[in-house]
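Below is one structure, written out as structure tokens; the observations come after it.
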Amino acid sequence: RIATHLWVPPQAVGSAVVVHGYYDHTGLYGHLIRGLLERGLAVLAFDLPGHGLSTGAPATIDSFDRYVEALDAALAVLGPRLPGPWTLFGQSTGGAVSMEWLLSRRAAGIASPFARVVLLAPLVRPFGWPVQRLVYTAARLFISERPRTFAHNAENPEFLTFLRDHDPLQARTLPVAWVTAMVQWRRRFERYPASDQRVLVVQGHADQTVDWRYNLRVIDRLFDARVFAIPAARHHLVNESPAIRAQILQAIEGELAGAVALRPVR
2 RIATHLWVPP
12 QAVGSAVVVH
22 GYYDHTGLYG
32 HLIRGLLERG
42 LAVLAFDLPG
52 HGLSTGAPAT
62 IDSFDRYVEA
72 LDAALAVLGP
82 RLPGPWTLFG
92 QSTGGAVSME
102 WLLSRRAAGI
112 ASPFARVVLL
122 APLVRPFGWP
132 VQRLVYTAAR
142 LFISERPRTF
152 AHNAENPEFL
162 TFLRDHDPLQ
172 ARTLPVAWVT
182 AMVQWRRRFE
192 RYPASDQRVL
202 VVQGHADQTV
212 DWRYNLRVID
222 RLFDARVFAI
232 PAARHHLVNE
242 SPAIRAQILQ
252 AIEGELAGAV
262 ALRPVR
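Residues in the sequence shown are numbered from 2 upward in steps of one, following my numbering.
Now the structure itself:
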């Protein structure tokens, strides 16, 4: 089962579909969701398999296709209730899922229903992958998981403490099977032909979770990409400091201008 969450404000001017990152769940995305609702957008968010309130083994998957199928299922059931135009948001692994969904549908000749796409620190490969790959290659022969490391991935001490010590929905291990699924997805993803799909990438330069320099090169080759860089931002952009979150919402407003008549925030 996929836990889905839908907010539709009165006289909504459009809709946002939000795909969260690895280890995350919808409950961690309150800042982004409130910001979108304040601007008149309906919001559809769901917990990926193995995350939050959705079923599945915690924080693991046999294929990233299962994540894409979850997005398909959420849109199939709740899409008819979403006023247009639509914008797709993906944070980290949610960005990977969003990009795969877009390019796989395009390869099948299916047009995208999204007027805009916003990728927040999207995953293609992790930070330090050349070394991590060697560790993974050896470790998968002997172990099925390792303890999770809680990284300093946002300039927000309260959020980091909550994540580490108080969130009952946080997984405490990194399953090797998830890394295998990520590796297999990446091999396929990077072979897609270039597209004219427009995307906005919001990326922090202090991000040490994804290999953002490498990732931006790949995304620039596959998409019509615009990049909004925030030098001081780390990885978990939706829970960064208030000042950085304000910059992100400003970038979102700029990207949606011309496609969505957002309400002014008072």
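Glycine residues also receive a C-beta, built at the ideal position from the N, C-alpha and C atoms.
Roughly how many angstroms lie between the CA atoms of residue i and residue j, to the nearest whole one?
i: E156; j: E241; result: 6 Å
i: V125; j: T5; result: 25 Å
i: D73; j: V44; result: 16 Å
i: L121; j: L257; result: 15 Å
i: W87; j: R141; result: 40 Å
i: Q12; j: P81; result: 16 Å
i: A205; j: A77; result: First, the residue type needs correcting, since residue 205 is Gly and not Ala in the sequence shown. Rounded to the nearest angstrom, the two C-alpha atoms are 33 Å apart.
i: D66; j: H52; result: 15 Å
i: Y137; j: G259; result: 45 Å
i: Y215; j: A75; result: 31 Å
i: Y30; j: G110; result: 32 Å
Cα-Cα, which of the options is closest to residue i?
i: E70; options: D48, V180, D208 and P81; result: D48
i: R187; options: T138, V219, A108 and R165; result: V219
i: P169; options: G28, A260 and V14; result: G28
i: F128; options: G85, D212, A116 and W8; result: D212
i: H237; options: A17, Q209, V14 and Y137; result: Q209
i: L89; options: R267, V266, P265 and V261; result: V261
i: Q248; options: R267, D221, V266 and V203; result: V203
i: R222; options: F115, V98 and V200; result: V200
i: D225; options: R246, Q185, L104 and I111; result: L104
i: I144; options: V119, P176 and A116; result: P176
i: V184; options: L135, P158, R227 and T174; result: L135
i: R267; options: G36, Y30, H32 and H26; result: G36
i: F190; options: V98, G85 and G57; result: V98
i: A108; options: H26, V119, Q198 and L217; result: Q198
i: G85; options: R117, A252 and E159; result: R117
Sort out for me which residues DSSP pairs residue i with in a bridge.
i: L175; result: R147
i: P127; result: V211
i: A46; result: H6 and V19
i: I231; result: G205
i: L121; result: Q92 and V203
i: W87; result: S16 and F115
i: A226; result: V200
Just to confirm my understanding: we take residue i, look at its own chain, exclude 5 residues before and 5 after, and list those with CB closer than 7 Å. What are they?
i: S55; result: R2, I3, A4, D48 and L49
i: A172; result: Y24, P59, A60 and R149
i: L83; result: S16, A43 and L45
i: L38; result: W8, P10 and V44
i: G22; result: Q92, S93, T94 and G95
i: R106; result: S113
i: A182; result: I62, D63, S64 and F65
i: V14; result: G41, L42, V261, A262, L263 and R264
i: F115; result: W87, T88 and L89
CB-CB under 8 Å to residue i, same chain, minus the five flanking residues each way: which ones, in chain order?
i: L161; result: F151, H153, N154 and A155
i: E254; result: R40 and L263
i: L79; result: T5, L7 and L45
When you measure from the CB of residue i to every non-hydrogen atom of the ligand MN, does any distance come out below 7 Å?
i: V119; result: Of ligands this structure carries none, so the ligand MN is not represented either.
Could you pull out every residue in the same chain whose Cβ sits closer than 6 Å to the Cβ of residue i, ignoring the five residues on either side in sequence?
i: W102; result: V69 and L72
i: A178; result: T61
i: V18; result: L45 and L89
i: I34; result: V44
i: R246; result: H32
Assess contact between the segment 222-240 and the segment 139-149, defined as three or more Cβ pairs (one per stretch) separated by less than 8 Å. Is contact present? no
Touching by the beta-carbon criterion (3+ pairs, under 8 Å), the segment 194-203 and the segment 158-168: no
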